[in-house]
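Read the structure below first, then the notes.
Number of protein chains: 2
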Amino acid sequence: MSSIKQKSITLHDVAREAGVSLITASRALGNPDRVSEKTVARVQAAADAIGYIPNLLAGGLKSRRSRTVAALVPIISVQQFLPTIEALTAMLDREGYQLLLGQTGYDRAREAALLNSMVGRQVDGIVMAGLLDDTPAKARIRAAGIPVVETWDITDDPFDMLVGFSHLGVGRAVADYFLAKGWTRFGVATGDDKRALIRRQGFVDRIGHDVPTAAVPAPSNLGSGRQAGAELLTKDPSIRAIFCSSDTLAEGVLTEARVRGLRVPEDLAVCGFGGTSFSGHLAPTLTTVHVDGSRIGSEAGRILLARCRGETPEEPFIDVGFRVIERESTAGR
Amino acid sequence: MSSIKQKSITLHDVAREAGVSLITASRALGNPDRVSEKTVARVQAAADAIGYIPNLLAGGLKSRRSRTVAALVPIISVQQFLPTIEALTAMLDREGYQLLLGQTGYDRAREAALLNSMVGRQVDGIVMAGLLDDTPAKARIRAAGIPVVETWDITDDPFDMLVGFSHLGVGRAVADYFLAKGWTRFGVATGDDKRALIRRQGFVDRIGHDVPTAAVPAPSNLGSGRQAGAELLTKDPSIRAIFCSSDTLAEGVLTEARVRGLRVPEDLAVCGFGGTSFSGHLAPTLTTVHVDGSRIGSEAGRILLARCRGETPEEPFIDVGFRVIERESTAGR
DNA sequence: CTGTTAGCGCTTTCAA
DNA sequence: TTGAAAGCGCTAACAG
């Protein structure tokens, strides 16, 4: 197979084949209501017959709409964001938009570079996992007038639109829940990323005093979860309840507890974060803070597409909330 | 923030600012070796000063290179492919390419539609998770001369380039391993996707007779793994060794076995597939078939980029192989 | 080393 | 309802 691209079939060919002008062919395919039904049918037939595929770069150059949206995540393997990406992609696809994926690697220089690259690609919108970092790219995005949706976090000063929830609130809610259960000896197992540390902060604030903490590099995984669990249980064997910054981390703590002969929840209570589907199928089932990542993706897609169509979404600032789901790992009191 | 895009800063502005012609500015930024160092410096300075970001749509229209690559996966939440996507994205990014992500949803009509859309976006290459389905889009891709890398599978008749391994071989290897251990009562827990079923086929072939099988919908998860485990252990309590089509499924089977009071591996041996990082941190640690998904991504990126540069990769058909990693879940004989 | 010319394929604007 | 003209912002090809 040769990599030389033969000259492709253009709208010109379709027009000739259908016996109409270039622009009529364009309209027949793009704005069928502005052309007679008969003509539309003839152009459609011609396009199908010769296998025409419109060049979206050319169209986008003139119309200034690339029908492309950028999504930036730290690393794609951070499972948290997968349902969001999945829902976003599905929603965009339905409207003929495609998703450009970028990985910042938790690095603001790379984030800035990626954003510039996305601006250069004339994306019609940007969805961020998290808040936009304070880089020079910010000004360019504003200058270019590109709609942005920040997600999975909340702030008083959003760049543009936002779909998220309060991580501080999550930490507090878990602390309240633990306190309501009457426990007194707490620990935290956390990834070292910004939002996880904010959840920890909320937890500590509400508990009222500092709490033994094991921090592992983000993204956390089962192995680092076991490690964090081991660290906490070694450092302070009297710990009775552990708040984990992800369900995966929590699974590691559960595993480590089991290996050490600790019963959950009798000897140790464990709470995760994320509300992943697997959390309900562990043994014991895992208490977690559920966040509707899929909804974040579809809401973000919805308000972004609205703005792409030139509308002004009635509510460009959506708090999807969260809820503590009590399961076996903290039950029984 | 308004969605009206003000007229953007173009190369024209840079040229004027630097006091050179348009094309010299273009070369200074794109092919610096064809322009005097002094001019390059001046143009660079001008571009930086006014915050110029090149319009890649415009450049791509003329040069017929969009610096964009499409990656098609069934669903992004199928974890198997994440390391591949991650490595691919990272490699592309280093060369200034971006990744367009598409989800086929295991549906060939959607796959065909997505491929057409990607062709229309003038992608410079396509990476498929799995083999290209036999759709009309195939002919168009060939006609457009777009390089394609099929991954995670193998065939005698690849469309273009390929980086994968034999699923039949995986099934056989696990059967050989089980047989070498001297076991005789087998079961299979599998997702219902094509490649998982081929692995099962290889397993059954080598075992020499049909084997109790629990099939769950792809993508499999911890819950469906527990379900499959329950189904197998109920249907045939004498089962002694289970081959699972993913590590996640295997984790479900391990969990179900534990809940039922079965010891692994004493009462039941379990083997997964994928070689995910978590498999080594379960308790018991999970025997699995390791596949280097990250390498698949980087090799695919490498040969694809080579072709984008007009080179002919010396080896456009790479078998990355696999290997059975023995761990506690099948140890002890 | 630098510049001029001519488009890439499509859609907007204006006119019929 | 249809068409002609005029570019979108950039780069390939050829001159100078």
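As you go down the protein sequences, you meet chains A and B in turn.
Per this note's numbering, residue 1 is the first one in the first sequence, and the count goes up by one each step.
Per this note's numbering, residue 1001 is the first one in the second sequence, and the count goes up by one each step.
Positions of the beta carbon are idealized from the N, C-alpha and C atoms, including for glycine.
As the structure is a prediction and not an experimental result, all values here were calculated from the model.
Check	Outcome
For residue 1167 of chain B and residue 1061 of chain B, what's the separation of their Cα atoms in angstroms?	41 Å
Counting only runs that start and end within the stretch 241-321 of chain A, where is the alpha helix (DSSP H) found for 4 or more residues in a row?	247-259, 293-308
Taking the straight line between their C-alpha atoms, what separation do you get for residue 1083 of chain B and residue 1293 of chain B?	5 Å
Sort B:1173, B:1256, B:1177 by Cα distance to residue 1199 of chain B and report the nearest one.	B:1173
Span of the beta strand (DSSP E) holding residue 1325 of chain B?	1323-1325
Buried or exposed: where does residue 1242 of chain B fall if 16 or more other Cβ atoms within 10 Å of its Cβ makes it buried?	buried
Using alpha carbons as the reference points, say which of A:291, A:316, A:289 lies closest to residue 302 of chain A.	A:316
Out of B:1139, B:1322, B:1066, B:1159, which has the shortest C-alpha to C-alpha gap to residue 1116 of chain B?	B:1139
Can you check which of these residues, B:1008, B:1180, B:1160, is closest to residue 1054 of chain B by C-alpha distance?	B:1008
On the DSSP bridge assignment, give the partners of residue 186 of chain A in chain order.	A:241
When we look at the beta-carbon of residue 1312 of chain B and count the other beta-carbons within 10 Å, is it buried (16 or more) or exposed?	exposed
Going by DSSP, name the residue or residues bridged to residue 1103 of chain B.	B:1073
Thinking C-alpha only, which one of A:254, A:111, A:108 is nearest residue 229 of chain A?	A:254
Look at the Cβ atom of residue 130 of chain A, then the Cβ atom of residue 34 of chain A, and state whether they are nearer than 8 Å.	no
Mind pulling the chain A residues with CB within less than 9 Å of residue 1408 of chain B?	For residue 1408 of chain B there is no data in the structure shown, the boundaries of chain B being 1001 and 1333.
List, in order along the chain, the chain B residues whose C-beta lies closer than 7 Å to that of residue 117 of chain A?	1098
Return the Cβ separation of residue 128 of chain A and residue 155 of chain A in integer angstroms, given the expectation that the two are a contact with Cβ distance under 8 Å.	Their Cβ separation, rounded to whole angstroms, is 12 Å, which puts residue 128 of chain A and residue 155 of chain A out of contact at 8 Å.
At 3 residues or longer, what runs of the beta strand (DSSP E) sit wholly inside the stretch 90-136 of chain A?	98-103, 125-129
Please work out which residues of its chain come closer than 7 Å, Cβ to Cβ, to residue 331 of chain A, disregarding the five sequence neighbours upstream and downstream, and give them in chain order.	265
So which residues on chain A does residue 1044 of chain B lean against when the C-beta distance must stay under 7 Å?	By Cβ distance, chain A contributes nothing, its closest Cβ being about 15 Å from residue 1044 of chain B, past 7 Å.
Against chain B, which members of the stretch 45-76 of chain A pass a CB distance test of less than 7 Å?	51, 53, 54, 55, 56, 57, 58, 60, 61, 64, 66, 75, 76
Residue 86 of chain A CB to nearest chain B CB: under 8 Å?	yes
Taking residue 1197 of chain B and residue 1190 of chain B to be in contact with their CB atoms under 8 Å, please state how far apart those CB atoms are, rounded to whole angstroms.	7 Å
Give the interface partners of residue 1259 of chain B over in chain A, defined as CB-CB distance under 7 Å, in chain order.	283
Exposed or buried, residue 147 of chain A, counting other C-beta atoms within 10 Å across all chains shown (16 or more means buried)?	buried
Considering only C-alpha positions, which residue in the set A:144, A:135, A:169, A:324 is nearest to residue 203 of chain A?	A:169
Near residue 1210 of chain B, what residues of its chain come up, given a Cβ to Cβ distance below 7 Å and the 5 sequence neighbours on each side ignored?	1204
In angstroms, rounded to a whole number, what distance separates the CA positions of residue 3 of chain A and residue 162 of chain A?	For residue 3 of chain A, the predicted structure reports a pLDDT of 38, less than 50, and the residue's modelled location is therefore unreliable. The matter cannot be settled from this model.
At the 8 Å Cβ level, is residue 155 of chain A part of the contact set with chain B, yes or no?	no
Under the rule that 16 or more other beta-carbon atoms within 10 Å means buried, what is residue 19 of chain A, buried or exposed?	exposed
Do residue 328 of chain A and residue 276 of chain A come within 8 Å of each other at the CB atom, strictly closer than that value?	no
Over what stretch of residues does the alpha helix (DSSP H) that includes residue 1039 of chain B continue unbroken?	1037-1050
Quick check on residue 329 of chain A - is its C-beta less than 8 Å from some C-beta in chain B?	no
What residues from the stretch 1214-1247 of chain B come within 7 Å of chain A, judged by C-beta to C-beta, listed N to C?	1221, 1222, 1223, 1226
Starting from residue 215 of chain A, follow its DSSP beta bridges and name the residues at the other end.	A:190
Please report the distance separating the alpha-carbon of residue 193 of chain A from that of residue 272 of chain A.	16 Å
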